[in-house]
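Since the structure comes first, as structure tokens, the remarks are kept for the end.
Numbering (our numbering), first residue to last: 515 to 675.
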């Protein structure tokens with residue numbers, strides 16, 4: 515996607531590669547992501563979809579069948595949320611197609627469907643959209659990131675309960 519990201523302090527924790535990141539603003543470009551990579555990043559697709567909404571061009575995310583069976587049908591949740599926020603997106607059997615527009619509208623009320631990753635992803639979407647959004651059923655965020663709201667607000671977001 516062309517993000518300006520520098521990885522530092524790479525290591526393995528619990529058999530998973532981790533690193534510290536230094537991130538600078540950049541112009542993202544749409545990508546066609548192979549289904550071969552899908553199993554290694556299945557929980558990252560909600561936030562990747564948000565990045566794709568702000569990218570220039572079309573992003574195709576393939577091999578997402580497992581997303582139908584997470585805390586919510588994440589394919590449906592992502593596509594419905596993006597559409598409500600003015601982003602053109604298509605739901606296919608096991609893929610999502612997102613037509614990024616660099617400056618999404620926002621201004622909508624999005625249901626997280628009690629899915630913590632959908633809630634966090636769309637709250638992040640709201641920090642960059644033209645208009646703020648409201649995410650309902652966001653209490654499940656504590657499942658994976660109890661200090662999410664506090665951390666985001668410390669970084670300059672304006673997320674309120």
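Virtual Cβ for every residue (Gly too), placed ideally from N, Cα, C.
Straight-line spacing of the CA atoms in residue 649 and residue 675 works out to 10 Å. For the pair residue 642 and residue 626, the CB atoms are not nearer than the 8 Å cut-off.
Taking the C-beta atoms as reference points, residue 544 is found nearer than 8 Å to residue 569. Spanning the alpha carbons of residue 561 and residue 618 requires a straight line of approximately 15 Å. Ranking 637, 647, 646, 644 by CA distance to the CA of residue 665 puts 637 first. A straight line joining the alpha-carbon of residue 582 with that of residue 589 spans about 6 Å. Listed in chain order, the non-local C-beta contacts of residue 606 below 7 Å within the same chain number zero, local neighbours out to five positions each way being set aside.
With distances taken between CA atoms, residue 556 lies nearest to 584 out of 518, 596, 584, 668. Contact annotation: residue 564 and residue 591 have beta-carbon atoms that are not nearer than 8 Å.
In this model, residue 571 and residue 672 are separated by some 28 Å (Cα to Cα). In the three-state scheme derived from DSSP, where H, G and I count as helix and E and B as strand, residue 580 is classed as helix. The residues 598, 599, 647, in chain order, have a CB closer than 7 Å to that of residue 622 in the same chain once the five nearest residues on each side in sequence are set aside. For the pair residue 612 and residue 596, the Cα-to-Cα distance works out to about 9 Å.
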